Amino acid sequence: MKYQAPKGVSEYFPPRSRSFEWVRESLLTPIRRAGYQLLELPVFEDTELFTRGVGASTDVVSKEMYTFEDRGGRSITLRPEGTVGALRSIIEHGLDRGTLPAKVFYSGPFFRAERPQAGRYRQFYQVGIEAVGTEDPALDAEVIALAHAGYRALGLTQFRLEITSLGDSQTRALHRVDLLSFIDALELDAATKARAELNPLRLFDDKREEVRELMSTAPLLLDYLSDESRSHFDQVKGFLKDLGIKFTVNPRMVRGLDYYTGTTFEFVHDLLGAQSGIGGGGRYDGLMEQLGGQSVSGIGFGLGIDRALLAAEAEGVVEKEAFVTDLFIIPLGAPAKSVALSLSDELRTYDLTVEISFGDRPLKSAMKNADKCGAGYALILGDAELASGIVELKEMRTGATTSVSLSSLVSTITTELLTW
RNA sequence: GUGGGCGUAGCUCAGCUGGUAGAGCACUCGGUUGUGGUCCGAGAUGUCGCGGGUUCGAGCCCCGUCGUUCACCCCA
119 MKYQAPKGVS EYFPPRSRSF EWVRESLLTP IRRAGYQLLE LPVFEDTELF
169 TRGVGASTDV VSKEMYTFED RGGRSITLRP EGTVGALRSI IEHGLDRGTL
219 PAKVFYSGPF FRAERPQAGR YRQFYQVGIE AVGTEDPALD AEVIALAHAG
269 YRALGLTQFR LEITSLGDSQ TRALHRVDLL SFIDALELDA ATKARAELNP
319 LRLFDDKREE VRELMSTAPL LLDYLSDESR SHFDQVKGFL KDLGIKFTVN
369 PRMVRGLDYY TGTTFEFVHD LLGAQSGIGG GGRYDGLMEQ LGGQSVSGIG
419 FGLGIDRALL AAEAEGVVEK EAFVTDLFII PLGAPAKSVA LSLSDELRTY
469 DLTVEISFGD RPLKSAMKNA DKCGAGYALI LGDAELASGI VELKEMRTGA
519 TTSVSLSSLV STITTELLTW
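Mapping to our numbering: the first sequence position 287 is 405, numbers consecutive.
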């Protein structure tokens, strides 16, 4: 094999590509039904948009971006996440000056130059939404509910929702001071100290027992929330309870993107190994303004399609429905091929899936193929049929055939197949 | 970026203490005239990831490289 896909990319090909579509559509359906509208975005942006938007100190920006120079000498980066690009587009086209909240969704590939691992790819797929222009805690609850609804639509049960509040900038500043002095008193190795310097919250997420132990008495951001932030968070929790959505408050939750404030959440799946986050998001108070838009808050999420598929497979809930063709036409000879071509062309306008047997295979093999593609009906078109104008329509399931005149075939099939 | 495992036909894998490759599934064709799902028969397919080394000889040993996988890190 001479050529291989670039390292660490996820590819979906038949038959699994069908499951991929199923996951994407299942996640998208609740979103569309909530009135979110499509935002079709470029997969690359000016590098500066990301360094400014998601934060230069984040791992995503500092060591995981695919950045290159285009022919005009501009620094371009393949999008590592969706929010910043979506907001750029919202601002650029004035959506934040229209009806608020502006509610958009997107779906597509994202890129991060990381070491590949189970559930972690260099090109991966996400479904995301952004709702910009209101601080209403009911919106927070709806956004979380939409992700939840998507996972439920897939049939997932072994996942949990963790939420927390990162408060506003003042509460974070106060907490940071105390946290830093707490960490300063700890005995830590150089690498860990360096991480703490970039973002002290990171230490809450450390997987080592010793560090967890040390951090168990660290000051929690949740205890520093301003009255306003606390009230907002309490309302969000209340709405989630009313919705019947189970969650746990995780005051040690850490997100890798700098823009998050207030409500922050994460969906974690139990069967996925190290890369267990299947989706997450949160509120971002200052981001719109920072990117040059209106000074309004927004909230959104990103759901990993790859990981949701992995989770569905791990739980054994992947939709089993195989690829199905309604009618399989087997032409014998050139004149029959011509008829088969126009017949299928017409039938497809009725929303039917119609396939033709190509390559002059022996009839036996062609029938075998009809079987393989799960055809509901098979139709043999030979010289005899063309001469008599009568064809036998064979129902594959039962093997029964019915005689139909070629001239009334389309109306017969459309009434038969569409009513069945 | 760091560390460990693995890399043989499309897929899942076997290959004994080194002697120039096999199974099952899938695929193609056939089991007499134009009909599938079972059964039977026949057939095609691999530079044993790639490069180098040791050896009379390497799929089996050594080094490198690429890919993959698991974990760290990070996150979808």
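Every residue, glycine too, gets a C-beta built ideally from N, C-alpha and C.
Fair warning: this is a prediction, and the values are worked out from it, not measured in the lab.
- Between the alpha carbons of Y184 and G203 lies a distance of about 15 Å.
- CA-CA distance, A220 to E210, rounds to 13 Å.
- Here Q288 carries a helix assignment [DSSP, helix/strand/coil].
- Annotation for F322: no alpha helix (DSSP H) segment contains it, and DSSP assigns it neither H nor E.
- Within the stretch 398 to 478, the runs of alpha helix (DSSP H) at least 4 residues long that lie entirely inside it are, in chain order, 405 to 408, 423 to 433 and 452 to 466.
- Assignment of R278 by DSSP, reduced to helix, strand and coil, places it in the strand class.
- Contact check for S283 against T366 fails: the beta carbons are separated by 9 Å or more.
- Counting along the chain, the unbroken alpha helix (DSSP H) around A204 starts and ends at T201 to E210.
- Residue state for L156 is assigned as strand, using DSSP reduced to three classes.
- Collapsing the DSSP output to three states places K221 in a strand.
- For L145, the uninterrupted alpha helix (DSSP H) run begins and ends at R134 to R151, by DSSP.
- When Cβ pairs closer than 8 Å are counted between the two stretches, the stretch 223 to 240 is seen not to touch the stretch 336 to 344, the count staying below three.
- Look at G273 here: in three-state DSSP terms it is coil, with no helix or strand label.
- Each of K482, F138 and L461 was checked against the Cα of D424, and the nearest Cα belongs to F138.
- Under the DSSP definition of a beta bridge, I498 partners with I448.
- Counting only the Cα atoms, S525 lies some 19 Å from A452.
- Judged by beta-carbon spacing, V245 lies beyond the 9 Å limit of R401, meaning their Cβ atoms are not closer than that value.
- Distance from the CA of F277 to the CA of L375, rounded to the nearest whole angstrom, comes to 22 Å.
- Here L390 is actually not in contact with L343; their C-beta atoms are around 31 Å apart, not less than 8 Å.
- Annotation: G251 to F131 spans about 40 Å, alpha carbon to alpha carbon.
- In summary, V442 is exposed, with fewer than 16 beta-carbon neighbours lying within 10 Å of its beta-carbon over all protein chains present.
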